[in-house]
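These notes concern the structure reproduced below.
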Amino acid sequence: MRIRTIASALCLLAGSIAAAAPGERIDFSGGAATGVEYDSNVSMLDLDQNTGRGDTALLTNLGLGADVTLTQAIELKLGYDLSQTRYRDLSDFDLSMHQISAGLKYDAGAFDAGLSLHHVAAELGGEDFLTMRRVSPSVAKLFGERLYLRGAYVRTAKEHQADTGRSAVNHGLSADAFLFLDGPQRYVALGWTTADEDADIDDFDYDGYRLKLTYAQRLERPTLDIGFKARLQLERRDYRQILESSSLVPTAPRNRSDERVRAALLVDVPVTEWLAVEGAIERASNTSNLVSADFDEMSYSVRLAAEF
């Protein structure tokens, strides 16, 4: 799977060169990062699993991209990303994700129209875990210099190799608003996403939404250059699955319901023009009437990241 994925990514990047007419601009970019993370409760939420144990992991990330200006109004973006999490003891939860992406943007003058495609192939514990394909047309507009709005339709097809009953098609709508308080140096972002998932097994069907609030600021002083983001995310899912009462606490049968809250603080400190130290603290609170999906966790990470 890895060889086919990487080969496809290279074909996409090479194709970007062929797609551009002579004289058109092509910009290549890349990045790499490595670091460590401590997770207080190693889990796989997509499978409703948590170990109740903490562990330390090695983090690795690699990204390649190409921006192709096809015409004055049309821009093509292509990319390949690899992320890996390797635990010291709980290797069954080692996760590798390969992502190939392509995005086309058309500047219509009054607004921007876009189309993005994503293909994700994931491995869990060294075994094929999940394949996901996402298609999303969108429209966006910048109002003045401070407000940027974007709306999109998102269709996601998921194939679960680890649990085939969870394979599904998800339809959703998303809306994002960015308020620039000081250009890109300081802004607030609010995102709203709906989800309607139809899985192969009815118990995994759900309707839901996700709300995400982000505050970002970069402080640039003669003796200090630091950027940070504070992020809060709330997700709600109402499943078709009916949960029976236990013999110890008899109650009427009811549908499974999940509420997931995540709060994170991310900091980056440049070391050189192309090298930075990144740190993150994140807390997740997953509340559910399904016992295996009801748990909390904290994670702490630090990485050394390079861009070129």
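Numbering of the sequence shown is given in the numbering used here, commencing with residue 15 and proceeding in unit increments.
Ideal Cβ placement from N, Cα and C applies to all residues, glycine included.
Here the structure is a predicted model, which means the values were calculated and not measured.
Cutoff 6 Å; reference residue i; Cβ partners in own chain excluding five residues on either side
| i | result |
| --- | --- |
| N184 | T170, A209 and E211 |
| L76 | A46 and L96 |
| E249 | R224 and R274 |
| L204 | A191 and L227 |
The beta strand (DSSP E) enclosing residue i, as first and last residue numbers
| i | result |
| --- | --- |
| Q98 | I88 to Y101 |
| E287 | That residue, E287, is in no beta strand (DSSP E); it is neither H nor E in DSSP. |
| G117 | L109 to D121 |
| L138 | D126 to L138 |
| L195 | Here L195 belongs to no beta strand (DSSP E), and DSSP marks it neither H nor E. |
| S152 | E141 to F157 |
| F42 | I40 to D53 |
| D212 | R200 to A213 |
| G165 | L161 to H174 |
Residue i in three-state terms, based on DSSP
| i | result |
| --- | --- |
| F218 | helix |
| G179 | helix |
| Y253 | strand |
| V305 | helix |
| L59 | helix |
| A23 | A caution first: A23 carries a pLDDT of 47, below 50, which makes its placement in the model unreliable, though a value can still be read off. Helix, per DSSP. |
| S315 | strand |
Own chain, CB closer than 7 Å to residue i, minus 5 neighbours either side, in chain order
| i | result |
| --- | --- |
| D69 | D53, V56, Y101, R102, D103 and L104 |
Cα-Cα separation, residue i to residue j
| i | j | result |
| --- | --- | --- |
| D126 | Y201 | 21 Å |
| D310 | A278 | 14 Å |
| R251 | L144 | 20 Å |
| L72 | G158 | 44 Å |
| H195 | T65 | Here the sequence assigns Leu to residue 195, which means His is not the residue at that position. In a straight line, the C-alpha of L195 is about 42 Å away from that of T65. |
| L163 | A266 | 44 Å |
| F42 | P236 | 31 Å |
| A154 | Y167 | 12 Å |
Integer-rounded CB distance, given that residue j should sit under 8 Å from residue i
| i | j | result |
| --- | --- | --- |
| L225 | T48 | L225 to T48, Cβ: 32 Å. No contact. |
| R270 | Q255 | 4 Å |
| A189 | W206 | 5 Å |
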